[in-house]
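Sequential numbering of the sequence shown, starting at 12, is according to the numbering used here. Think of the CB as a built atom: it goes at the ideal place given N, C-alpha and C, for glycine as much as any other residue. I have placed the structure first, in the form of C-alpha cells, so that the comments after it can refer back to it.
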Amino acid sequence: MMQRSYFLAIGPICALLTYLVCNYALDFPHGAAITAGITVLTVIWWVSEALPIPVTSIVPFAALPLFGILTHREVSASLGSHVILLLMGAFMLSKTLERSGVHRRLALMMINAIGAHSQKQLVFGFMIATAILSMWISNTATILIMLPIALAILTQVKHKPLKIALILGIAYSASVGGLGTIIGTPPNVIFAGLYEEQSGQEFSFLKWMAIGIPVVVVAIPIMALWLTRRLSGPLDVDMPSVGAWQIQEKRTLIVFGLAVLAWVTRNEPFGGWSALLDIRMAGDSTVALAAVILMFIVPNGRGEKLLDWKTAVDIPWGMLLLFAGGIALAKGFTASGLSEIIGDGLSVFTEFPLLITILLLCLTVTYLTEITSNIATATLILPILYVVGINYGIDPAILMIPATMAASCAFMLPVATAPNAIAYGTGEIDIKDMVVEGAVLSLLISTMLAMLVFAILKVII
C-alpha cells in the first residue's frame with residue numbers, strides 16, 4: 012500500500028518531465044507534449060494502481076479539456092461510444108448465462124462429447140470447451156467455472172504432469188478463446204472502438220470472427236500438443252453429472268443464440284438482415300441491448316425473469332470507464348498530433364517486410380503484456396499503430412489486429428492475465444512450471460498469430 016502511494020507523486024513528476032523533454036528537447040508542439048505527459052501520468056497510475064484503475068481512467072476526461080487538447084463535449088463522447096454500449100450489453104448477457112447455469116452445462120456436454128478416456132483427451136476436451144465458452148463470456152468467469160470441475164476430477168488422479176497440463180491448459184484456453192469474437196476479451200473491444208474512431212469504419216462482428224475463429228482453431232491444438240507432450244496412457248475418471256435441462260437454461264440459450272445469429276448475419280450474406288429489413292441504423296450494440304431487454308422480459312419458469320436488475324447491475328462498470336478513458340486518450344493523440352509524431356518516429360519499421368514487422372510487433376506486445384495489463388498495452392499501442400499503418404500505405408487494421416490479439420497471449424507469469432493469476436492461485440502450479448510452459452507457448456502462439464492473421468487479413472481487407 013505504501014509503495015502504491017509513492018506512485019501518486021511519481022506519476023505527476025514523470026508527467027511533468029515528459030512534457031518538458033517533449034516540448035523543449037524534442038521540439039514537440041505544445042499540445043502533443045501535454046498529451047504525452049497526460050498519457051504518462053495515466054499509464055503510471057494504471058500500472059501501479061496508485062488509484063483504482065477506473066478512477067485513473069477518469070484522468071483523460073478531466074485533463075484533456077483542462078489543457079485545451081479536446082473540448083469537454085469531444086472527450087465526453089468517448090463514454091457514449093457504441094463500443095461501450097456493446098460491451099455493457101455483452102457483460103449483461105454473460106451474467107444471464109452465469110445466472111442460468113447453462114455455461115456449465117455446455118462445458119460438461121462438450122467435454123463428454125470429446126471424451127475423457129485418456130489423459131491427452133481429457134486436456135483437449137477441457138481446453139476446447141474453455142475456449143468456446145470464453146468467446147462469449149469473460150475469460151475470468153470461464154476459468155472460474157471450469158477450474159472447479161477440473162480440480163474435482165484431478166482428485167481422482169495423482170499425476171503431477173496431468174495436473175499441470177490441465178490447469179494451465181484451461182487458463183491459456185480462456186485467454187486464447189476470447190480472440191474468437193469481438194466481445195471475447197477487452198483488447199478486442201478496444202481495437203473496435205479505436206479503429207472506428209480513427210477510420211470512421213465499423214469493424215463488424217462477423218469480420219472479426221473471420222479472423223479470430225481460425226486463430227483459435229489453430230492455437231488450441233498447438234497449446235494442447237505442447238502441454239500434453241509428457242502425457243500418455245488411458246484414464247478412468249468419473250465426470251460430473253450433467254442432469255436434465257432446466258427451463259431457464261433452455262430459454263437463456265435460445266435468446267442468446269438469437270443474439271449471436273443477429274450479430275453474425277447483420278451485414279452478411281447479401282447485406283444481411285439490416286439490408287433486407289432496411290434497418291441500416293442498427294449496429295452490434297443494438298443487438299446486444301435488444302437481447303438484454305428480452306432477457307428481462309422472458310420468464311425463467313420459476314416466477315422470475317431470465318435476468319433481473321440485481322444480477323445485471325453486477326457487471327464491471329469500472330471496465331467501461333477504462334475503455335472510455337482509452338478512447339479519450341486516443342482522441343487526444345489524434346487531436347494533438349502526438350500519434351503522427353510517434354508514427355513518423357516509428358517509420359523506420361516501414362523499411363522492413365510487412366510480415367517481419369508484424370512478427371516483431373506480436374512478440375513485443377506479448378512479452379510486454381507479461382508484466383503489464385493487456386488492456387493498458389492495447390490502449391497505448393493501437394493509436395500509434397494506426398498511424399504506422401497509414402505510413403506503410405496499408406489498412407492500419409493489418410497491424411492493429413495482430414497486436415490486439417498478441418496482448419491476450421502472455422502465458423509466462425501470473426500477473427500477465429486474470430486466468431494465469433487464478434490458475435496460479437489454486438496452489439497446484441509452481442511458478443517455474445508456468446514460466447517454462449508459458450515461455451514456449453508465448454513464442455509459438457505469437458509467431459503463429461503473426462503469420463496466420465497476416466495471411467487472412469491480406470485476403471479479407
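Roughly how many angstroms separate the alpha carbons of Gly48 and Lys106, rounded to a whole number?
As a position in the sequence shown, residue 48 is number 37, starting the count at 1. As a position in the sequence shown, residue 106 is number 95, starting the count at 1. If I take the Cα positions, the gap works out to 38 Å.
My understanding is that Ala418 touches Pro71, with C-beta atoms under 8 Å, so please give their C-beta distance in whole angstroms.
In the sequence shown, counting from the first residue as 1, residue 418 sits at position 407. In the sequence shown, counting from the first residue as 1, residue 71 sits at position 60. Not really, about 20 Å apart at Cβ, beyond 8 Å.
As assigned by DSSP and simplified to three states, the class of Pro198
Locating residue 198 in the sequence shown gives position 187, where the first residue counts as 1. DSSP places Pro198 in helix when its eight states are reduced to three.
Suppose you measure from the CA of Trp284 to the CA of Thr263; what does that come to, to the nearest Å?
For the purposes of this step, residue 284 is identified with residue 273 of the sequence shown, where counting begins at 1. For the purposes of this step, residue 263 is identified with residue 252 of the sequence shown, where counting begins at 1. The alpha-carbon atoms of Trp284 and Thr263 are separated by roughly 23 Å.
Contact set for Leu374: own chain, Cβ-Cβ below 6 Å, skip 5 residues either direction:
To locate residue 374, count along the sequence shown from 1; it is residue 363. Same-chain partners within the cutoff: Ser457.
Give the C-beta separation of Lys174 and Glu448 to the nearest angstrom, bearing in mind that I take them to be a contact with Cβ-Cβ under 8 Å.
Within the sequence shown, the letter at position 163 stands for residue 174. Within the sequence shown, the letter at position 437 stands for residue 448. With a Cβ gap of about 12 Å, Lys174 and Glu448 do not count as contacting.
Return yes when the Cβ of Gly42 is within less than 8 Å of the Cβ of Gly348, no when it is not.
The count along the sequence shown starts at 1 and reaches residue 348 at position 337. The count along the sequence shown starts at 1 and reaches residue 42 at position 31. Cβ atoms of Gly348 and Gly42: closer than 8 Å.
Just the Cα atoms here: how many angstroms apart are Leu28 and Ala36?
Sequence index remark: in the sequence shown, residue 28 carries index 17 (1-based). Sequence index remark: in the sequence shown, residue 36 carries index 25 (1-based). Computed Cα separation, rounded: 11 Å.
Could you give the distance in angstroms between the alpha-carbon of Ala341 and the alpha-carbon of Gln209?
In the sequence shown, counting from the first residue as 1, residue 341 sits at position 330. In the sequence shown, counting from the first residue as 1, residue 209 sits at position 198. Roughly 9 Å between the two C-alpha positions.
Given a threshold of 16 other Cβ atoms within 10 Å of its Cβ, counted over all protein chains shown, does Asp295 qualify as buried or as exposed?
As a position in the sequence shown, residue 295 is number 284, starting the count at 1. By the neighbour-count criterion, in which a residue is buried when 16 or more other Cβ atoms sit within 10 angstroms of its Cβ, Asp295 is buried.
Three-state secondary structure (DSSP) of Ser243
As a working mapping, residue 243 is identified with position 232 in the sequence shown. In this structure, Ser243 counts as coil in the three-state DSSP scheme.
Would Ala389 and Thr415 be called neighbours here (beta carbons separated by less than 8 Å)?
Stepping through the sequence shown from its first residue, residue 389 is reached at position 378. Stepping through the sequence shown from its first residue, residue 415 is reached at position 404. For Ala389 and Thr415, yes; Cβs fall inside 8 Å.
Near Arg115, what residues of its chain come up, given a Cβ to Cβ distance below 8 Å and the 5 sequence neighbours on each side ignored?
Sequence index remark: in the sequence shown, residue 115 carries index 104 (1-based). Cβ-Cβ distances below 8 Å link Arg115 to Ile156, Ile160 in the same chain, with the five nearest sequence neighbours on each side left out; the list follows chain order.
On the criterion of 16 or more Cβ atoms from any shown chain inside 10 Å, does Arg277 qualify as buried, or is it exposed?
Against the sequence shown, residue 277 aligns to sequence position 266. By the neighbour-count criterion, in which 16 or more other beta carbons inside 10 Å mark a residue as buried, Arg277 falls on the buried side.
Going by beta carbon distance, what residues of the same chain come within less than 6 Å of Leu468, once the five residues before and after it are set aside?
To locate residue 468, count along the sequence shown from 1; it is residue 457. Hits under 6 Å: Ile409.
Nearest CA to the CA of Val228: which residue from Gly254, Asn150, Ile143?
Numbered from 1 along the sequence shown, position 217 holds the residue referred to as residue 228. Among Gly254, Asn150, Ile143, the Cα nearest to that of Val228 is on Ile143.
Per the contact definition of three or more C-beta pairs closer than 8 Å, is the region 418-432 in contact with the region 184-202?
Between the region 184-202 and the region 418-432, the count of C-beta pairs closer than 8 Å reaches three or more; the two stretches touch.
For Ile353 and Met138, what's the separation of their Cα atoms in angstroms?
Numbered from 1 along the sequence shown, position 342 holds the residue referred to as residue 353. Numbered from 1 along the sequence shown, position 127 holds the residue referred to as residue 138. Between Ile353 and Met138, the C-alpha separation is close to 40 Å.
For Met12, I'd like the list of residues in its chain whose CB is within less than 6 Å of its CB, leaving aside the five on either flank, ordered along the chain.
Sequence index remark: in the sequence shown, residue 12 carries index 1 (1-based). In this prediction, Met12 scores a pLDDT of 47, lower than 50, which makes its location untrustworthy; the coordinate-derived value is nonetheless stated afterwards. There are no such residues.
Would Ile258 pass as a contact of Asn311 if the rule is Cβ separation under 8 Å?
As a first step, residue 258 is located in the sequence shown; it is residue number 247 there, counting from the start. As a first step, residue 311 is located in the sequence shown; it is residue number 300 there, counting from the start. Going by C-beta atoms, Ile258 is nearer than 8 Å to Asn311.
Residues near Gly22 by beta carbon distance below 6 Å, same chain, minus five either side
Mapped onto the sequence shown, residue 22 falls at position 11. Closer than 6 Å at Cβ, skipping near neighbours: Leu52, Ile55, Trp56.
Once DSSP output is grouped into helix, strand and coil, what is the label at Pro251?
Start at 1 with the first residue of the sequence shown, and residue 251 comes out as number 240. If DSSP states are grouped into helix, strand and coil, Pro251 belongs with coil.
Checking the sheet assignment: what are the DSSP bridge partners for Lys469?
Within the sequence shown, residue 469 is the residue found at index 458, counting from 1. Paired residue(s): none; Lys469 is not in a bridge.
Whole-Å CB distance - Ala301 paired with Ile95, under 8 Å assumed
Mapped onto the sequence shown, residue 301 falls at position 290. Mapped onto the sequence shown, residue 95 falls at position 84. So it is not a contact: roughly 16 Å between Cβ atoms.
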